[in-house]
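The first sequence begins at 5 in the working numbering and counts up one residue at a time.
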Amino acid sequence: MDVDARKRLPLFPIGIVQRLTGLSARQIRYYEQHELVHPARSEGNQRLFSFVDVERLLEVRTLLDEGLNMAGVKARLAKRQNRRRSDSAELTDEQVYQHIRQGLLEPRTPSGVSEFQGDLFRFYRKH
DNA sequence: GTTCTCACA
DNA sequence: TGTGAGAA
Numbered sequence: 005m006d007v008d009a010r011k012r013l014p015l016f017p018i019g020i021v022q023r024l025t026g027l028s029a030r031q032i033r034y035y036e037q038h039e040l041v042h043p044a045r046s047e048g049n050q051r052l053f054s055f056v057d058v059e060r061l062l063e064v065r066t067l068l069d070e071g072l073n074m075a076g077v078k079a080r081l082a083k084r085q086n087r088r089r090s091d092s093a094e095l096t097d098e099q100v101y102q103h104i105r106q107g108l109l110e111p112r113t114p115s116g117v118s119e120f121q122g123d124l125f126r127f128y129r130k131h
């Protein structure tokens, strides 16, 4: 299984994603309604997010912080999709696991937000 | 204990 | 966007 496939595995329930992104469950569900993310569903109809979903939510938050509205976010997210086709990073399994483990074990900042936030973002961006 | 959907003094 | 109800 390659890195790309692993990034799409439905793994996290909304509570985890909440802490990973700093977004409220309400916002996360709201963004799903607007098709900004497409989490899979468990047998019990529970949302399961992949790394790709988490990454997108972090980007959504960034764009929203920049003052964009839902429409603006959708537009820029759509453009990013095409422009990003060629520069996806190639990482070894070890790099992936090590990075994730470190991020999850990092202590929270005084603001209560996990450092994993920025790390995950940069991680998939370029490296 | 968590998450889901739906509705709103 | 938040909050609470009722169910799973």
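Just so it is clear, CB atoms sit at the ideal spot from N, CA and C, and this is done for glycine as well.
Who are the near neighbours of residue i in its chain, counting only those whose CB is closer than 8 Å to its CB and skipping five residues on each side?
i, result
"residue 52", "14, 15, 16, 17, 43, 44, 45 and 46"
"residue 25", "32, 58, 61, 62, 65 and 121"
"residue 19", "29"
"residue 84", "63"
If you check the beta carbons only, do residue i and residue j fall under 8 Å apart?
i, j, result
"residue 37", "residue 29", "no"
"residue 40", "residue 65", "no"
"residue 12", "residue 54", "yes"
"residue 35", "residue 72", "no"
What residues are listed by DSSP as bridge partners for residue i?
i, result
"residue 45", "51"
Buried or exposed for residue i, going by 16 or more other Cβ atoms inside 10 Å?
i, result
"residue 57", "buried"
"residue 70", "exposed"
"residue 111", "Confidence is the limiting factor: at residue 111 the pLDDT is only 46, short of 50, which leaves the residue's position unreliable and the question unanswerable from this model."
Leaving out the 5 sequence neighbours to the left and right, which residues in its chain are closer than 6 Å to residue i when beta-carbon positions are compared?
i, result
"residue 78", "none"
Starting from the C-beta of residue i, find all residues in its chain whose C-beta is less than 7 Å away, skip the five residues before and the five after it, and write them out in chain order.
i, result
"residue 50", "17"
"residue 68", "77"
"residue 6", "none"
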